[in-house]
Amino acid sequence: MAEIIIMPKLGFNMNEGKLVEWYKKEGDAVAKGEPLFSVETDKTNMDIEATGDGVVKKLLIEAGDTIPVTLPIAVIGAAEEDASAAIEDAASQLKAGGAEKAAQEEAPTKAEEAPSAKETVPEPAAAPKGEGGRLKISPRARRVAAENDLSLEGLSIVGTGWQGGICEQDILDYLASNRLKITPVARAMAEAEGLDPETITGTGVNGKIMKEDVEKALAEKMAAAAQTAVEAEAGAGERKFSPDGKEILEEVPYAGVRKVIGDRMSESKFTAPHLYFTQKVDLEKLLKLRKEVNAAQDKKTSVTDYIARATILALQKYPEMNASLVGDTIVKYKSVNLGIAVASPTGLIVPNIKDAQNLSVVELSKAASPLFEKARAGKLAIDEYTGGSFTISNLGMFGIENFTAIINPPEVGILSISSTKDEPVVITDEDGNKEIAIRPMMNIQVSVDHRVIDGLLAAQFVTEIKNLLEHPMSLMV
1 MAEIIIMPKL GFNMNEGKLV EWYKKEGDAV AKGEPLFSVE TDKTNMDIEA TGDGVVKKLL
61 IEAGDTIPVT LPIAVIGAAE EDASAAIEDA ASQLKAGGAE KAAQEEAPTK AEEAPSAKET
121 VPEPAAAPKG EGGRLKISPR ARRVAAENDL SLEGLSIVGT GWQGGICEQD ILDYLASNRL
181 KITPVARAMA EAEGLDPETI TGTGVNGKIM KEDVEKALAE KMAAAAQTAV EAEAGAGERK
241 FSPDGKEILE EVPYAGVRKV IGDRMSESKF TAPHLYFTQK VDLEKLLKLR KEVNAAQDKK
301 TSVTDYIARA TILALQKYPE MNASLVGDTI VKYKSVNLGI AVASPTGLIV PNIKDAQNLS
361 VVELSKAASP LFEKARAGKL AIDEYTGGSF TISNLGMFGI ENFTAIINPP EVGILSISST
421 KDEPVVITDE DGNKEIAIRP MMNIQVSVDH RVIDGLLAAQ FVTEIKNLLE HPMSLMV
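Last residue of the sequence shown: 477 (the UniProt record's numbering), numbering continuous.
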């Protein structure tokens, strides 16, 4: 039986997907587990494998198309199978889904069938006037016009209201008749490429802007940009200044992964009230233990491996920290999927070690190393950086003495690790005598979502990590 392939949902907040590349064309054979197509996510491009053997009967969308998740994109069937019914069904679903998305995009917020403020409406010549030259328009009609940035000056509308005055429905009809005509796919492409649809000439029915029109406009834009680059290179000595007089080195678009990270961190910071608790940790015993462990085996452990193990044990003692806020429900997890932030070519990414509570320090080290390598190469699979339950962010290798991390939503906490630095500290021996000694000290700080975590619990959690690190044999159990 023919199988309908859909646009997969690859993330909690993913509502639509962009098909980057088809690896098969119509008529090609495909085997189960073989990459079929690639989808763009907010962090990387993800290869999607075929779920069964067969032949590609129909590709319903093209590379570069962006459509809502779960809509059909292809049909696969047996070599001799008649898949026409499945193809017709899939095409119908795709068309219906596209129409629904278009309706949602065009759904009125304050005026039915009224374009958004970004959609330009033509403004011709003269509206009906009353005595003294005043425009004959009802208050509701005036409000709708204002909400849609429609200038009343020189407006040419035949009023159907009292004594020929302009009523609310007249404004709505005018806005609807002058709405920009563009397909959902073309609109998404234009927005993704930063093109203003108003500047694109449509070749579809009644001047509707199609995907091909956007592609043509993009090609023209790229050609113009290339010409500009040539001209800029020729005049490379020219200096550019901001409006307030600062000389500009470079202008970089705020887009792509950088914007995704910014949006997520802004959402976290402004949605979750953050609370912070810091502890200073004496690492003298841990560093000695690490040296002994590394001398006894080929696989070398890092300080981060021990911190990870301490964090896991603390999360098991305080499971409220190993949780997510999902709507109106706090979900506590038995599994500790520990995320460790890594800088990748496309920005910060957090691969996570699944069921890390089952791993020893050495096993954690072995599990983390390949994840870090794949993250730095930009080759993480989707399940390797989603589904985390708690995150560690370590900037100690850069000499940072203290910093505050923003929670990675929907988690409720994150632990920041700073550098280790020799400092004079007061040591009390078993007899109560005090002396000053030089010890390797490190700051750790936990950021928590105060909607879910109280201050006392957060303080107990970070103190538990400190105690475990200062008594490192407890980590080897």
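Think of the CB as a built atom: it goes at the ideal place given N, C-alpha and C, for glycine as much as any other residue. None of the values given here were measured: they were computed from a predicted structure.
query	result
For Leu60 and Asp355, I'd like the C-alpha separation in whole angstroms.	39 Å
Compute the distance between the beta-carbons of Ala375 and Ser393, then report whether it is under 8 Å.	no
Name the residue from Asp244, Lys32, Val281, Leu283 whose alpha carbon lies nearest to the alpha carbon of Glu3.	Lys32
Taking Tyr23 as part of the alpha helix (DSSP H), name the residues at either end of that continuous run.	That residue, Tyr23, is in no alpha helix (DSSP H); it is neither H nor E in DSSP.
Three-state secondary structure (DSSP) at Ser365?	helix
Determine the direct distance from the alpha carbon of Pro273 to that of Ala310, and round the result to whole angstroms.	26 Å
Within 10 Å of its beta-carbon, does Thr420 have 16 or more other beta-carbons around it, so buried, or fewer, so exposed?	buried
Which residue comes first and which comes last in the beta strand (DSSP E) that contains Phe461?	Where Phe461 is concerned, there is no enclosing beta strand (DSSP E), although the alpha helix (DSSP H) it sits in stretches over 455-470.
Rounded to the nearest angstrom, what separates Asp282 and Ile312 at their Cα positions?	19 Å
Could you give the distance in angstroms between the alpha-carbon of Gly161 and the alpha-carbon of Lys181?	28 Å
What is the DSSP secondary structure of Glu193, reduced to helix, strand or coil?	coil
Please classify Tyr254 as buried or exposed, where buried requires at least 16 neighbouring CB atoms within 10 angstroms.	exposed
Just confirm the distance between the C-beta atoms of Lys9 and Thr70, as a whole number of angstroms; I'd bet it's less than 8 Å.	7 Å
For Asp213, count neighbouring C-beta atoms within 10 Å of its own C-beta (all shown protein chains included) and say buried if the count is 16 or more, exposed if not.	buried
Should Ile6 be labelled buried (16 or more other beta-carbon atoms within 10 Å of its own) or exposed?	buried
Among Val20, Asn45, Asp53, which one has its Cα closest to the Cα of Glu34?	Asp53
Between the region 338-349 and the region 376-395, can you find at least three pairs of beta-carbon atoms closer than 8 Å?	yes
Between the region 167-176 and the region 140-153, do at least 3 Cβ pairs fall closer than 8 Å?	yes
Need the endpoints of the alpha helix (DSSP H) that Lys285 sits in, please.	284-295
Within 10 angstroms of the Cβ of Gln227, are there 16 or more other Cβ atoms? Answer buried if so, exposed if not.	exposed
Just list the beta strand (DSSP E) runs in the region 300-327, keeping only unbroken ones of 3 residues or longer that don't cross its boundaries, in chain order.	323-326
Note down the Cα distance separating Ser324 from Asn408, rounded to an integer number of angstroms.	10 Å
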